[in-house]
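*Asks:* Pasting a structure here, questions to come.
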Amino acid sequence: LRRLASLLNCFVFLQTTFIVEEVSKIIKDSIETVIGENSYKHGRVNQWTTSVVEQCLIQLSKLDKPFKFIVNCIIMQKNGAGLQTASTCFWDNTTDGSCTVRWENDTMYVIISIFGLAI
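In terms of mature numbering (1 follows the signal peptide of the UniProt record, and there is no 0), the sequence shown is residues -19 to -1, 1 to 100.
Printed below as a string of structure tokens:
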């Protein structure tokens, strides 16, 4: 009975906790699906950002976890320019979390941040 209770607690924990490794994989897979090996093209950036955040949300919803998600995407041409960004949140560290992935190819950087807030 104790083992069953322990397994149930573990399941509940996994279903109600923001797991960075799980979200990181979703981000990387979404970028690869949408952008892949494309070169930076200014005219496609708007479409790419929209598609990547939508793909992330679709995959996050498949986790079927009680979370509200915020997805932010930055696509930047590799041209030597600097970029500084910051975020802050007030949340419950035991359930909520965030994950940021920086992906790059020869012509661009893609930076995706996802915040998960337990409902």
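No residue lacks a Cβ here, since even glycine has one placed at the ideal position from N, Cα and C.
(1) The alpha helix (DSSP H) that contains C37, what's its start and end?
(2) Taking the C-alpha atoms as reference points, what is the distance between D77 and L98?
(3) Distance check for I56 and F71, CA to CA, integer angstroms please.
(4) Below 6 Å CB to CB, which residues in the same chain sit around N53 once its five sequence neighbours on both sides are set aside?
(5) Do K46 and T(-4) have their C-beta atoms closer together than 8 Å?
(6) Any beta carbon from chain D within less than 8 Å of Q40's own beta carbon?
(7) What residue from T30, S5 and I39 has the CA that sits closest to I16's CA?
(8) How close, in whole Å, do the beta carbons of E3 and L44 come, if the pair is a contact with beta carbons under 8 Å?
(9) Does K6 come out as helix, strand or coil in the three-state DSSP assignment?
*Replies:* So, from the data block:
(1) H23 to K43
(2) 5 Å
(3) 26 Å
(4) S94
(5) yes
(6) In summary, chain D is missing from the structure at hand, where a single protein chain is found.
(7) T30
(8) 7 Å
(9) helix
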